[in-house]
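Asker: Just remember that the working numbering sits 79 ahead of the position in the sequence shown, which is counted from 1. To start, I am sharing the structure in question, which I have written as structure tokens.
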Amino acid sequence: MLYCAACGVKNCANKMGEEGEYPKGCPSLSEKLPAYLEEYQEPLELLMAQKSAVCAPDHSECRILKTIRFAKECGFHKIGLAFCVAVEEQARQVAKIFQQSGLEVESVICKVGHVNRSALQIEGSRNAMCNPIAQAELLNEAGTQLNVVLGLCVGHDSLFIRHSNAPVTVLAAKDHVYDHAPLEYLKHGDTDGK
Ligand code: SF4
């Protein structure tokens, strides 16, 4: 069982040369880790790992600007924007900001295709179904180099990520209660997990 979220040791996060003891069953002791390290030697993996390491330490930069910076550092010029109709105005603004920064944007809304939910045996609403697989496939066809998720619902984002050819980053996670900032629940909600 992997239990890092509950671990009070966090020896893995200590500075190099300041290591202490790892707890029993710690995954940092796994004999598979050298093989996982090898996976970074793939060109795209190495590029993204190196460039995200450049971008990550700057805590003065907001996520929109960091996304632009990461894309440019990686040489990703064509950006996919997979957004939810609930954040259509924000999508318009984000697309404009990306374009003004010199990036090319292909944007696709969740309702693309205007498909009746009955096609998936989902009843009880006249709303067109959300179509994350089509969002991903259309961006695949467009040849986007990095896809940005903006406000897709839980599960729809999973399907989008599963079908996206390009690497995916999440700009905002849908949360109707906390204005798309899900961790706010930890400050304000009943956190017993029910
Ligand atoms: S890797 Fe080991 S030390 Fe680090 S958080 Fe997980 S259990 Fe704790």
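Just so you know, even glycine gets a beta-carbon here, dropped at the ideal spot from N, CA and C.
Cα-Cα, which of Lys130, Cys153 and Leu160 is closest to Leu217?
Answerer: Minimum Cα distance to Leu217 is reached at Leu160.
Asker: The alpha helix (DSSP H) spanning Val173 covers which residue range?
Answerer: Per DSSP, Val173 belongs to the alpha helix (DSSP H) from Glu167 to Gln179.
Asker: According to the Cβ coordinates, are Asp236 and Val227 closer than 7 Å?
Answerer: Contact flag unset, no.
Asker: DSSP state of Glu185, grouped into three classes?
Answerer: If DSSP states are grouped into helix, strand and coil, Glu185 belongs with the strands.
Asker: Give the range of the beta strand (DSSP E) segment to which Ala161 is assigned.
Answerer: Where Ala161 is concerned, the enclosing beta strand (DSSP E) stretches over Lys157 to Phe162.
Asker: Give the residues whose C-beta lies closer than 7 Å to at least one heavy atom of the ligand SF4, in chain order.
Answerer: Here the list is Tyr82, Cys83, Cys86, Val88, Lys89, Asn90, Cys91, Ala92, Tyr101, Pro102, Cys105, Pro106 and Ser107.
Asker: Roughly how many angstroms lie between the CA atoms of Glu152 and Asp258, to the nearest whole one?
Answerer: One C-alpha to the other measures close to 30 Å.
Asker: Between Lys103, Lys130, Gln172 and Glu185, which lies nearest to Met80 when the distance is taken from Cα to Cα?
Answerer: It is Lys103.
Asker: Straight-line CA distance for Tyr101 to Ala245?
Answerer: Spanning the two alpha carbons is a distance of roughly 36 Å.
Asker: Going by alpha carbons, who is nearest to Gly181 out of Glu121, His267, Arg196 and Thr146?
Answerer: Selected option, being the one with the closest Cα: Thr146.
Asker: Please name the residue or residues paired with Val88 in a DSSP beta bridge.
Answerer: Val88 is not bridged to any residue.
Asker: Can the beta-carbon of Ala170 be found less than 7 Å from the beta-carbon of Val184?
Answerer: No, they are not a contact pair.
Asker: Would you mind giving the Cβ-Cβ distance between Cys163 and Cys232, rounded to the nearest angstrom? I have them listed as a contact below 8 Å.
Answerer: Right, their Cβ atoms sit about 7 Å apart.
Asker: On the DSSP letters alone, give me the boundaries of the alpha helix (DSSP H) that Val249 sits inside.
Answerer: Counting along the chain, Val249 falls outside any alpha helix (DSSP H), though it belongs to the beta strand (DSSP E) covering Val247 to Ala251.
Asker: Gln214: buried (16+ other C-beta within 10 angstroms of its C-beta) or exposed?
Answerer: Buried is the call here.
Asker: Spell out the partners DSSP gives Asn226 in its beta bridges.
Answerer: Asn226 is bridged to Gly159 and Val247.
Asker: Between Gly276 and Asn93, which are expected to be in contact by the criterion C-beta below 8 Å, what is the C-beta distance as a whole number of angstroms?
Answerer: The first residue shown for the chain is 80 and the last is 273, placing residue 276 beyond what the model contains.
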